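Numbering (this note's numbering), first residue to last: 660 to 765. Here is the structure we will look at.
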């Protein structure tokens with residue numbers, strides 16, 4: 660599980676306004692930490708056409724235009740991961756990093 664990899668992740672159960680259901684998520688945590696821990700930091704992807712930077716960043720997944728929902732960043736247990744979809748393109752990952760920096764005030 661490497662930074663930039665996109666996996667199907669079951670985000671249920673959720674509460675309130677948390678993004679839910681099984682959906683693609685991109686790993687944003689550092690690869691060495693992902694290997695050492697039982698949890699991984701991810702950002703969910705959504706097929707919603709609305710992009711509202713810096714909260715959502717347009718990216719590609721499975722040859723579709725989707726958005727990374729940066730304000731829904733979360734740590735999830737590896738047992739929630741089902742299958743790897745693909746690895747994110749470097750340009751998309753750079754845009755995602757920029758959005759994360761703004762959302763997290765880094």
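Quick reminder that beta carbons are idealized off the backbone N, C-alpha and C, glycines included. All values reported here derive from a predicted model rather than from experimental measurement.
| task | Starting from residue 717, follow its DSSP beta bridges and name the residues at the other end. | result | Working through the chain shown from its first residue, we reach residue 717 at position 58. 726, per the DSSP bridge assignment.
| query | How about residue 762 and residue 713: do their beta carbons lie closer than 8 Å? | reply | Position 103 of the chain shown, counting from 1, holds the residue named residue 762. Position 54 of the chain shown, counting from 1, holds the residue named residue 713. Cβ atoms of residue 762 and residue 713: closer than 8 Å.
| said: Helix, strand or coil for residue 796? Go by DSSP, reduced to three states. | reply: The requested residue 796 is not part of the displayed model; the chain covers only 660 to 765.
| Looking only at DSSP bridge pairs, what is residue 733 linked to? | Translated into the one-based positions of the chain shown, residue 733 becomes position 74. Paired residues: 701.
| Within 10 angstroms of its Cβ, does residue 703 collect 16 or more other Cβ (buried), or is it exposed? | As a first step, residue 703 is located in the chain shown; it is residue number 44 there, counting from the start. Classification for residue 703: buried.
| task | Sort 715, 700, 724, 735 by Cα distance to residue 669 and report the nearest one. | result | Looking up residue 669 in the chain shown gives position 10. For residue 669, the nearest C-alpha among the options comes from 735.
| query | Closest to residue 665 by CA distance: which of 685, 681, 673 is it? | reply | Against the chain shown, residue 665 aligns to sequence position 6. The shortest C-alpha separation from residue 665 is found at 685.
| With DSSP run on the structure shown, which of helix, strand or coil describes residue 746? | The residue you call residue 746 lines up with position 87 of the chain shown. Correct three-state label for residue 746: strand.
| query | Buried or exposed: which applies to residue 727, given that a residue is buried once 16 or more other Cβ atoms fall within 10 Å of its Cβ? | reply | Translated into positions along the chain shown, residue 727 becomes position 68. Counting Cβ neighbours within 10 Å, residue 727 comes out buried, since at least 16 surround it.
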